[in-house]
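Enquirer: Numbering (numbering that gives the first Met the number 0), first residue to last: 0 to 143. For glycine and all other residues, C-beta sits at the position ideal for the given N, C-alpha and C. First the structure, which I've put down as structure tokens, then a few questions once you've had a look.
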Amino acid sequence: MSEQPLSEEKQIESKASESEKKNRRRFQIELEFIQCLANPWYLNNLAQKEYFEDPAFINYLEYLKYWKRPEYAKFIIYPHSLYFLDLLQNPQFREHLKNYEVATEIHSKQYYHWMKWRHVDEEGNVDGEGSGQNDVENVNGIHK
0 MSEQPLSEEK
10 QIESKASESE
20 KKNRRRFQIE
30 LEFIQCLANP
40 WYLNNLAQKE
50 YFEDPAFINY
60 LEYLKYWKRP
70 EYAKFIIYPH
80 SLYFLDLLQN
90 PQFREHLKNY
100 EVATEIHSKQ
110 YYHWMKWRHV
120 DEEGNVDGEG
130 SGQNDVENVN
140 GIHK
């Protein structure tokens, strides 16, 4: 049985679905990379391997700033990764990231921010107030 050539319409559909798959894959890869920027150890590793010395990589970081737009940012789980994306535009910050102690300090500050941060709603209530839940006093079932 011989294969029959695809009709022009089918070829267009096939190309469109291939393009959609490529775009979806690119979206996933970029989203994953952006979120990795929230990890100070990952940033330290990139700095030590001299990725931040490569102008093409710096241009890529500049390009990724489109993730700050609301239609893209809504997919980000670790929003502070966008903060680091901004900081990575600064050559001095990129240079400091080579230092293990700097990565340790950033990690420590992140930890304490997450531990102590509170969300205040429009009425001035802090998350957990009145509900008996306090995310700092009871973290994953561990009581202070």
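Would DSSP call GLU70 helix, strand or coil?
Expert: Helix at GLU70.
Enquirer: Mind the definition here: the segment 83-91 touches the segment 22-32 only if three or more C-beta pairs lie below 8 Å; say whether that holds.
Expert: The segment 83-91 is not in contact with the segment 22-32.
Enquirer: Does the beta-carbon of TRP66 have 16 or more other beta-carbons within 10 angstroms, so that it is buried, or is it exposed?
Expert: TRP66 should be labelled buried.
Enquirer: What is the C-beta distance between GLU29 and LEU60, in whole angstroms, given that I count them as a contact (C-beta under 8 Å)?
Expert: Going by Cβ atoms, the distance from GLU29 to LEU60 rounds to 11 Å, so no, they are not a contact pair.
Enquirer: So, with DSSP's three-state summary, where would you put ASP53?
Expert: Of the three classes helix, strand and coil, the one that applies to ASP53 here is coil, per DSSP.
Enquirer: Between the Cα of GLN109 and the Cα atoms of GLU121, LYS97 and TYR82, which residue gives the shortest distance?
Expert: Among GLU121, LYS97 and TYR82, the Cα nearest to that of GLN109 belongs to TYR82.
Enquirer: Under a three-way DSSP split, which group does ASN89 fall into?
Expert: Of the three classes helix, strand and coil, the one that applies to ASN89 here is coil, per DSSP.
Enquirer: Rounded to the nearest angstrom, what separates VAL101 and TRP40 at their Cα positions?
Expert: Rounded to the nearest angstrom, the two C-alpha atoms are 10 Å apart.
Enquirer: Please classify LYS48: does DSSP put it in a helix, a strand, or coil?
Expert: Reduced to three states, the DSSP call for LYS48 is coil.
Enquirer: What number of angstroms, rounded off, separates the C-alpha of GLN47 from the C-alpha of LEU96?
Expert: Going from the Cα of GLN47 to the Cα of LEU96 covers about 8 Å.
Enquirer: Taking the alpha-carbon of TYR77 as reference, which of GLN27, LEU36 and GLU122 has the nearest alpha-carbon?
Expert: The shortest Cα separation from TYR77 among GLN27, LEU36 and GLU122 belongs to LEU36.
Enquirer: Buried or exposed: where does SER6 fall if 16 or more other Cβ atoms within 10 Å of its Cβ makes it buried?
Expert: With fewer than 16 Cβ atoms within 10 Å of its Cβ, SER6 is classed as exposed.
Enquirer: Are the CB atoms of ILE33 and SER80 nearer to each other than 9 Å?
Expert: Yes; because the gap between Cβ atoms is below 9 Å, this pair is in contact.
Enquirer: What's the gap between the Cα of ASN43 and the Cα of ASN98?
Expert: Each residue's Cα considered, the two are about 7 Å apart.
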